[in-house]
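For the sequence shown, this note's numbering assigns the number 261 to the initial residue and increments by one for each residue that follows. Idealized CB from N, CA, C, for every residue including glycine. Bear in mind the structure is a predicted one, so any value in this text is a computation, not a measurement. In what follows, a structure is listed as structure tokens, so that the remarks can point back to it.
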Amino acid sequence: MSEEAVYDLFVIGGGINGCGIARDAVGRGYSVALAEMKDFASGTSSAATKLIHGGLRYLEHYEFRLVREALMEREILWVMAPHIIWPMRFVLPFHKGGIRPAWLIRLGLFLYDHLGGRKLLPATRSLDMRRDPAGKPLKPLFTRAFEYSDGWVDDARMVVLNARDAADRGATILNRSKVTSARREQGAWTIEVKDTESGAIRQVRARMLVNAAGPWVDQVLAGAVGKNNVHNVRLVQGSHIVVRRKFDDPRAYFFQNPDNRIIFAIPYENDFTLIGTTDRDYTDDPRNVKISEEETTYLCRAASEYFAEPVRPEDIVWSYSGVRPLFDDGASKAQEATRDYVLKVEGGSGEAPLLNVFGGKLTTYRRLAEHALEKIGETIGAKGPAWTAKSSLPGGDFAATGYEVEVRKLSSAYTFLAEKHARRLVRLYGTKASALLGNAKTAADLGRHFGSDLYECEVRWLMEKEWARHAEDVLWRRTKRGLYLSPEEAAALENYMTTSTASSAA
Ligand SMILES: Cc1cc2nc3c(=O)[nH]c(=O)nc-3n(C[C@H](O)[C@H](O)[C@H](O)COP(=O)(O)OP(=O)(O)OC[C@H]3O[C@@H](n4cnc5c(N)ncnc54)[C@H](O)[C@@H]3O)c2cc1C
């Protein structure tokens, strides 16, 4: 990072919104720098249910603008990154006397199918659960269901691929770099960035500041920017549990609970089922968020209302928790607070401008970035037009339905790869998988084996191209091999990564 240059934009936060804005902006010709205080997606953006969805449930809160925009984004994002995003069918079981009458669900799904943009995804249909395989793992009470379309995303990878693409287009992208202060000086911003590992501090200048710090957005305003009486976001915790695979069907379930909330049970990483989420107000530091015993009990109980075989706390192999940074619209219940995003510009007329990002969803990040760029253009002068709708994220330059073809290509080029391994590499890296494997002719050429199917060449790729510095970055964000490695194997990986001299991705 050049200390003298004045960037057009400085983005605080390497979650999906910060990385999405940085990528869009640099692609239009702005000079851009971004700082993330920990690892990319280490905040909320790796703790989601991971759906690319319109949000069926938001229809009940009349969030038509948000639902329509999100529905339209489903296929745009799928085409943009078919390795990490794919369609998923959801089974919504119900019974007579249930929480919502069948006609209401049918109406919601009719709107869902017709509100916007569905070209490739199949429409809703009714299921007779006594005959359909989806009925098999459930209690016999659920004789009927609707099946509808939404999408699935590897959330943490979507973030890092946005960061990668932004860097490839010329943005300065820094991880483990915390913004400690941002001052207005002579019509621009002077930003102090602290390397959280070495402690080194540097100053950067920028014409405009973007605060995309997610759950920390108010902390940045009150701390680094030094504003008084800051209260814009409502922090709402959501937790998930992961259990061994509860069912073989590739479809996910949408369960309605007696408290009017809903939870999902989703096929996860081949061998597991992901169950979540909860919704409760949160007041502690977002970094300390952790699933509570009460949430674990709630999720086990809610899923056990539906599955014939109950879900017990001892079945849980992993859990994670995150904090939604929702714009505080004064709603009484956490589950009713708006999921829409709000963008606010402060400053102007001689004062260096600041754009604050409140709320948002993974699904709408690309549109949020476009709206942010409209505001940035109005404030510091417009550059190139919107471009991301027809773009590919790194490795995603193949047909939306071409995953199997890519797997076959990789398997025939690297015949020693086990099929599962090839499938996993194409899911994570798409068309870049062959660059990652390079000239390997045998498994021995993949380098040191760290456990499961994780080898040195993948770890080095992640260190060199994707800014991974610690085992946790590799095991829980760039991949989910953490589900398979033992604590000893994870410690050996950490030791390898912190003592090896791989050049960083920056
Ligand atoms: C339980 C749950 C389930 C969800 N499910 C879905 C879903 O299925 N589909 C969907 O579309 N959306 C979902 N969401 C919403 C989505 O995950 C969030 O809206 C999105 O990830 C927010 O991204 P962000 O970039 O605003 O925040 P974050 O991802 O939190 O990023 C902010 C970043 O800023 C960094 N930062 C903070 N302060 C500083 C500083 N001073 N200097 C440098 N960096 C800093 C943080 O370290 C952090 O990485 C879910 C959210 C939750 C919590």
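Excluding the 5 residues flanking it on each side, V351 has same chain C-beta neighbours closer than 6 angstroms at A394, A405, E407, R511 and Y513, in chain order. Beyond the five residues adjoining it in sequence on each side, L534 comes within less than 7 angstroms, by CB distance, of H500, V502, I526 and Y528 in the same chain, given in chain order. Beta-carbon to beta-carbon, M348 and G411 are separated by about 6 angstroms, close enough to satisfy the 8 angstroms threshold. CA-CA distance, R627 to D388, rounds to 38 angstroms. Relative to Y625, the option among P613, R599 and E638 whose CA is nearest is R599.
Contact annotation, R494 with D531: C-beta distance approximately 36 angstroms; criterion of less than 8 angstroms not satisfied. Annotation for H500: the continuous beta strand (DSSP E) segment containing it runs V493 to R504. E296 has its Cβ nearer than 6 angstroms to a heavy atom of ligand 1. Under the three-state reduction of DSSP output, P527 falls in the strand class.
Beyond the five residues adjoining it in sequence on each side, P382 comes within less than 6 angstroms, by CB distance, of S409 in the same chain, given in chain order. Not one heavy atom of ligand 1 lies closer than 6 angstroms to the C-beta of N699. Close CB contacts of C717 within its chain, under the 6 angstroms cut and outside five residues either way in sequence, are with L706 and G707 (chain order). Annotation note: the segment 640-701 contains the following uninterrupted alpha helix (DSSP H) runs of length 4 or greater, listed N- to C-terminal: 663-673, 679-689 and 693-697. Membership of L615 in the beta strand (DSSP E) is indicated by the continuous run E611 to F618.
In the assembly as shown, S437 is a buried residue. Its beta-carbon has 16 or more other beta-carbons within 10 Å. Taking each of T759, E596, A472 and N517 in turn and checking the Cα distance to C279, the smallest one comes out for A472. When the Cα atoms are used, V719 and A752 turn out to be separated by approximately 12 angstroms. In the three-state DSSP reduction, V419 falls in the helix class (H, G or I). At least one heavy atom of ligand 1 lies less than 6 angstroms from the C-beta of A307.
Remark: the C-beta of R584 is in contact range of ligand 1, defined as less than 6 angstroms to any heavy atom.
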